[in-house]
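Undergrad: Quick one: structure below, then a few questions.
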Amino acid sequence: MPRPLSAQRLNLIAATVGLFSAVIGLGLLALIHGITNLSFHGEISFNERNADFTTWGVLAIFLPAVGGLIIGLIARFGSPAIAGHGIPEAMQGVIQNRSRIPLKVAILKPLSSAISIGTGGPFGAEGPVIATGGAIGSLFGQWFPVKAVERKILLSAGAAAGMTAVFGTPLAGVLLAVELLLFEFRWRSLMPVAIAVGVAMAFRGVTDEPFPMLPLPSPEAPGPLIAIGAIVVGIFSGVFSVGMTHALHRIEDGFEKIPFPKMWFPMLGGLGVGLIAYLDPRILGPGYFNLRDLLGGEMTLAAVFSLLVFKFFAWAISLGSGTAGGTLAPVMTMGGSIGVIVALGLRLLPGFGDFPIGIAALIGMAAVFAGASRAFLTSVAFSFEATHSSAAFGPLLLGCAMAVLVSRWLMKESIMTEKLSRAGVRVPSDYAPDVLAGQIVGNVMLNEVLTVPPGMSLQALLHKVNGDLSPWNRARLFPIVNEQGILCGVVSRADILAAARHPLKNALTVLEVGTEEVYSVSPTDTLAEAANLMILHEVGRMPVVADRENPVFLGLITRREILAAHGVDTEE
Numbered sequence: 034m035p036r037p038l039s040a041q042r043l044n045l046i047a048a049t050v051g052l053f054s055a056v057i058g059l060g061l062l063a064l065i066h067g068i069t070n071l072s073f074h075g076e077i078s079f080n081e082r083n084a085d086f087t088t089w090g091v092l093a094i095f096l097p098a099v100g101g102l103i104i105g106l107i108a109r110f111g112s113p114a115i116a117g118h119g120i121p122e123a124m125q126g127v128i129q130n131r132s133r134i135p136l137k138v139a140i141l142k143p144l145s146s147a148i149s150i151g152t153g154g155p156f157g158a159e160g161p162v163i164a165t166g167g168a169i170g171s172l173f174g175q176w177f178p179v180k181a182v183e184r185k186i187l188l189s190a191g192a193a194a195g196m197t198a199v200f201g202t203p204l205a206g207v208l209l210a211v212e213l214l215l216f217e218f219r220w221r222s223l224m225p226v227a228i229a230v231g232v233a234m235a236f237r238g239v240t241d242e243p244f245p246m247l248p249l250p251s252p253e254a255p256g257p258l259i260a261i262g263a264i265v266v267g268i269f270s271g272v273f274s275v276g277m278t279h280a281l282h283r284i285e286d287g288f289e290k291i292p293f294p295k296m297w298f299p300m301l302g303g304l305g306v307g308l309i310a311y312l313d314p315r316i317l318g319p320g321y322f323n324l325r326d327l328l329g330g331e332m333t334l335a336a337v338f339s340l341l342v343f344k345f346f347a348w349a350i351s352l353g354s355g356t357a358g359g360t361l362a363p364v365m366t367m368g369g370s371i372g373v374i375v376a377l378g379l380r381l382l383p384g385f386g387d388f389p390i391g392i393a394a395l396i397g398m399a400a401v402f403a404g405a406s407r408a409f410l411t412s413v414a415f416s417f418e419a420t421h422s423s424a425a426f427g428p429l430l431l432g433c434a435m436a437v438l439v440s441r442w443l444m445k446e447s448i449m450t451e452k453l454s455r456a457g458v459r460v461p462s463d464y465a466p467d468v469l470a471g472q473i474v475g476n477v478m479l480n481e482v483l484t485v486p487p488g489m490s491l492q493a494l495l496h497k498v499n500g501d502l503s504p505w506n507r508a509r510l511f512p513i514v515n516e517q518g519i520l521c522g523v524v525s526r527a528d529i530l531a532a533a534r535h536p537l538k539n540a541l542t543v544l545e546v547g548t549e550e551v552y553s554v555s556p557t558d559t560l561a562e563a564a565n566l567m568i569l570h571e572v573g574r575m576p577v578v579a580d581r582e583n584p585v586f587l588g589l590i591t592r593r594e595i596l597a598a599h600g601v602d603t604e605e
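Numbering-wise, the sequence shown is residues 34 to 605 according to this note's numbering.
Structural data, given as structure tokens:
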């Protein structure tokens, strides 16, 4: 088993992971632009350009199907693990595979995602970028002799760094790692992730990527009316996120019933996307321009409603067919549409005539993703960092909080955890401090303990154990303590009963029967440390000594005291 890395070495590896993830993440974004230009415009260019029907006309309907066919072939002959929208697969790698992602998947996943999005798949680049960064971190964790928990940290650092490099959202990257990948909030894991994200953000600074990604000028300071509107938008967004998630899983189940090999499913989904795109080409590709238009507040109600309906069906059909792509951009597009529709409705009420459409769109974008993913802090931070709209921060908190409350009330699992739950894997959603780490042994240990001197005969101890003295009958472990109060060893009830059958039992002392190699704790150790030692050494009771170098016996700690401390926390 590898030894734990020092904090300095782990942070250095994380910084390297952050740099590689940034380079490859931005490279993946350029590859998506290149495939989009080649597929829809017949040009070799890596500049961002929207997918549409201007070059090929009606024939462009079949481009998403061609991309789906290629992905089906990759899944069939390469790896079926390429399917999905990135984040759940990274979560599965952490929980089920000890954060190990095979090299083949690390290569094929971003390639398949780039093909899917570049040929018109209605996805964003964020899921593939996160999955790719996570794969880079996992590979570093496999190349270096690290423990599984350190590999998880490197995977999370890579995922967060990839997201940061592409979207310029460092805080959201760290929070994404905490809420969806690390499943803990500890300095040992937070620092490497933060360092990787910082390196990725520094690298992004030397590129020409826009910053912020979705600029939204703050129209006015938030007030009571905006707060009320944010709550209303959040409630509608929460309801929509639940319906959207259930519909996606119904479509996935429907594809499973089609009597064709799975290899053809992405092609069928791509054909559906092409037909829907012919009605509204805006659903093709990531559609980041849709987000900018929604934030601008200039779209008509009919245009917003059309975008919502067609984007939803294209995304759900394509993702349900088992292709590869990200969820954040399409979910935010649908959420922004919900926000605009609700805002236009609120404007009909007295006092809401000037309700800001852009703020409502931003709240909807964040709230629908928060309700679907339950990544509350990530949703708020991403939307704030992507727009730099300081006036929206309070309303974002209100809207996302409402969406998560509605989602948790109406839906047991999130869009990220549903598949894992079906496979019998429970994903932690609450990160509470370990109550055992907040209490020390000295506060709960047994002070009045039956001890025996080293020279005591086995026969004398047998007489006490087998006699009518109830404390000696109930005791399971007897510390051996000399006249100076030094712990010399321990003798257990099992040791005593086994030695009672020894032919020389009359000549044996308790020190000869017991053991001098004692696992002990100090009164300043936490109960969590004591519990870990009990598990490690497979014992249920441990002596408490003042100093391991000069082990003055102080008391005894057993499983009962540890469970009692945990029970108090459970009761609270």
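All C-beta atoms in this analysis are idealised placements derived from N, C-alpha and C, irrespective of residue type, glycine included.
DSSP three-state call for P113: helix, strand or coil?
TA: Here the question's residue 113 lines up with position 80 in the sequence shown. Of the three classes helix, strand and coil, the one that applies to P113 here is helix, per DSSP.
Undergrad: Does DSSP put F156 in a helix, in a strand, or in coil?
TA: In the sequence shown, the residue the question calls residue 156 occupies position 123. Coil at F156, not helix or strand.
Undergrad: How many Å lie between G174 and V524 at the Cα?
TA: Start at 1 with the first residue of the sequence shown, and residue 174 comes out as number 141. Start at 1 with the first residue of the sequence shown, and residue 524 comes out as number 491. Roughly 44 angstroms separates the two Cα atoms.
Undergrad: Return yes when the Cβ of I140 is within less than 8 angstroms of the Cβ of S54, no when it is not.
TA: Looking up residue 54 in the sequence shown gives position 21. Looking up residue 140 in the sequence shown gives position 107. No; because the gap between Cβ atoms is not below 8 angstroms, this pair is not in contact.
Undergrad: Ignoring anything shorter than 4 residues or poking outside the region 35 to 117, list the alpha helix (DSSP H) runs there in chain order.
TA: Taking only runs of at least 4 residues, the alpha helix (DSSP H) segments lying wholly in the region 35 to 117 are 40 to 74 and 96 to 110.
Undergrad: Under three-state DSSP, which class holds F273?
TA: On the sequence shown, position 240 is the one that residue 273 refers to. F273 falls in the helix class under three-state DSSP.
Undergrad: State the CB to CB distance for the pair N70 and I77, rounded to an integer number of angstroms; the pair is presumed to be in contact (CB under 8 angstroms).
TA: Translated into the one-based positions of the sequence shown, residue 70 becomes position 37. Translated into the one-based positions of the sequence shown, residue 77 becomes position 44. About 7 angstroms separates the two Cβ atoms, so the contact holds.
Undergrad: Based on the DSSP output, what are the partners of L510 in its beta bridges?
TA: If you number the sequence shown from 1, residue 510 lands on position 477. BP columns for L510 point to S525.
Undergrad: Kindly confirm or deny that the region 335 to 346 and the region 362 to 371 touch, where touching means at least three C-beta pairs closer than 8 angstroms.
TA: Yes, the region 335 to 346 is in contact with the region 362 to 371.
Undergrad: Please report how far the alpha carbon of A531 lies from the alpha carbon of G547, in whole angstroms.
TA: Counting from 1 along the sequence shown, the entry for residue 531 is found at position 498. Counting from 1 along the sequence shown, the entry for residue 547 is found at position 514. Spanning the two alpha carbons is a distance of roughly 11 angstroms.
Undergrad: Let me know the secondary structure DSSP gives A227 once reduced to three states.
TA: If you number the sequence shown from 1, residue 227 lands on position 194. A227 falls in the helix class under three-state DSSP.
Undergrad: Should the region 180 to 193 be regarded as contacting the region 146 to 158, the criterion being three or more beta carbon pairs within less than 8 angstroms?
TA: Counting Cβ pairs under 8 angstroms, fewer than three are found: no touch.
Undergrad: What does the alpha-carbon distance come out to for the pair I291 and I284?
TA: Start at 1 with the first residue of the sequence shown, and residue 291 comes out as number 258. Start at 1 with the first residue of the sequence shown, and residue 284 comes out as number 251. C-alpha separation (whole angstroms): 11 angstroms.
Undergrad: Please report the residue range of the alpha helix (DSSP H) in which G397 lies.
TA: Here residue 397 corresponds to residue number 364 of the sequence shown, with the count starting at 1. Element bounds for G397: I390 to S406.
Undergrad: Apart from the five residues just before and just after G105, which ones in its own chain have a Cβ nearer than 7 angstroms to its Cβ?
TA: Against the sequence shown, residue 105 aligns to sequence position 72. Taken in chain order, the residues that qualify are M296, W297, F298, P299 and M300.
Undergrad: If we count the other Cβ atoms within 10 Å of its Cβ and call it buried at 16 or more, is S423 buried or exposed?
TA: For the purposes of this step, residue 423 is identified with residue 390 of the sequence shown, where counting begins at 1. When all chains shown are included, S423 counts as exposed.
Undergrad: Figure out for me which residue from V211, R581, A335 and L324 has the closest Cα to the Cα of Y464.
TA: Looking up residue 464 in the sequence shown gives position 431. Of the listed residues, the one whose Cα sits closest to Y464 is V211.
Undergrad: Below 8 angstroms on the Cβ atoms is my contact criterion, and I expect P255 with H421 to pass it. Report the Cβ-Cβ distance as a whole number of Å.
TA: In the sequence shown, counting from the first residue as 1, residue 255 sits at position 222. In the sequence shown, counting from the first residue as 1, residue 421 sits at position 388. Actually they do not touch by this definition, with Cβ atoms about 15 angstroms apart.
Undergrad: Please state whether the Cβ-Cβ distance between G359 and P161 is less than 8 angstroms.
TA: Taking the first residue of the sequence shown as 1, we reach residue 359 at position 326. Taking the first residue of the sequence shown as 1, we reach residue 161 at position 128. Yes, the Cβ-Cβ distance between G359 and P161 is below 8 angstroms.
Undergrad: Out of curiosity, what's the CA-to-CA distance linking T240 and V375?
TA: Taking the sequence shown and counting its residues from 1, one reaches residue 240 at position 207. Taking the sequence shown and counting its residues from 1, one reaches residue 375 at position 342. Each residue's alpha carbon lies about 37 angstroms from the other.
Undergrad: When you compare the CB positions of L520 and V554, do they come within less than 8 angstroms of one another, or not?
TA: Within the sequence shown, residue 520 is the residue found at index 487, counting from 1. Within the sequence shown, residue 554 is the residue found at index 521, counting from 1. Contact: no.
Undergrad: Taking 8 angstroms as the threshold (C-beta atoms), are I46 and L187 in contact?
TA: Along the sequence shown, one-based indexing puts residue 187 at 154. Along the sequence shown, one-based indexing puts residue 46 at 13. Yes.
Undergrad: Starting from the C-beta of A425, find all residues in its chain whose C-beta is less than 6 angstroms away, skip the five residues before and the five after it, and write them out in chain order.
TA: As a working mapping, residue 425 is identified with position 392 in the sequence shown. Once the five neighbours on either side are set aside, the close Cβ partners of A425 are I392 and L395.
Undergrad: What is the rounded straight-line gap between the Cα of G397 and the Cα of I316?
TA: By one-based count along the sequence shown, residue 397 stands at place 364. By one-based count along the sequence shown, residue 316 stands at place 283. Straight-line Cα distance between these residues: approximately 18 angstroms.
Undergrad: Specify the secondary structure class of G588 as computed by DSSP and reduced to three states.
TA: Along the sequence shown, one-based indexing puts residue 588 at 555. It is a strand residue.
Undergrad: Under 8 angstroms by Cβ, that's how I've got G58 and V199 pegged, so tell me the actual separation to the nearest angstrom.
TA: What you label residue 58 is simply residue 25 of the sequence shown in a count that begins at 1. What you label residue 199 is simply residue 166 of the sequence shown in a count that begins at 1. About 5 angstroms separates the two Cβ atoms, so the contact holds.
Undergrad: Considering only their Cβ atoms, is the gap separating A436 from A470 smaller than 8 angstroms?
TA: Walking along the sequence shown from the start, residue 470 turns up at place 437. Walking along the sequence shown from the start, residue 436 turns up at place 403. No, they are not a contact pair.
Undergrad: Check A533 in the structure and name its three-state DSSP category.
TA: Here residue 533 corresponds to residue number 500 of the sequence shown, with the count starting at 1. Residue state, collapsed to three classes: coil.
Undergrad: Smallest Cα separation from E562: which of I590, D580 and L443?
TA: Along the sequence shown, one-based indexing puts residue 562 at 529. With distances taken between Cα atoms, E562 lies closest to I590.
Undergrad: Quick check on the DSSP output: what are the complete beta strand (DSSP E) runs of length 3 or more inside the region 556 to 581, in order along the chain?
TA: List check, beta strand (DSSP E) in window: 574 to 578.
Undergrad: Is I529 closer than 8 angstroms to L494 when the C-beta atoms are compared?
TA: Taking the first residue of the sequence shown as position 1, residue 494 is located at position 461. Taking the first residue of the sequence shown as position 1, residue 529 is located at position 496. A contact, by the Cβ cut-off of 8 angstroms.
Undergrad: Kindly provide the ranges of any alpha helix (DSSP H) runs that are 4 or more residues long and lie completely inside the region 175 to 202, ordered along the chain.
TA: Counting whole runs of 4 or more residues, the region 175 to 202 contains the alpha helix (DSSP H) stretches 181 to 200.
Undergrad: Based on the DSSP output, what are the partners of H542 in its beta bridges?
TA: Counted from its first residue, the sequence shown places residue 542 at position 509. Note that residue 542 is Thr in the sequence shown, not His. Answer by DSSP bridge pairing, in chain order: S490.
Undergrad: Hey, does P257 have any beta-carbon neighbour from chain B nearer than 8 angstroms?
TA: The structure shown contains no chain B; it is built from a single protein chain.
Undergrad: Using the C-alpha atoms, what's the distance from L144 back to A108?
TA: To locate residue 108, count along the sequence shown from 1; it is residue 75. To locate residue 144, count along the sequence shown from 1; it is residue 111. The straight-line gap from Cα to Cα measures roughly 12 angstroms.
Undergrad: Taking only three categories from DSSP, how would you classify I448?
TA: Here residue 448 corresponds to residue number 415 of the sequence shown, with the count starting at 1. Residue state, collapsed to three classes: coil.
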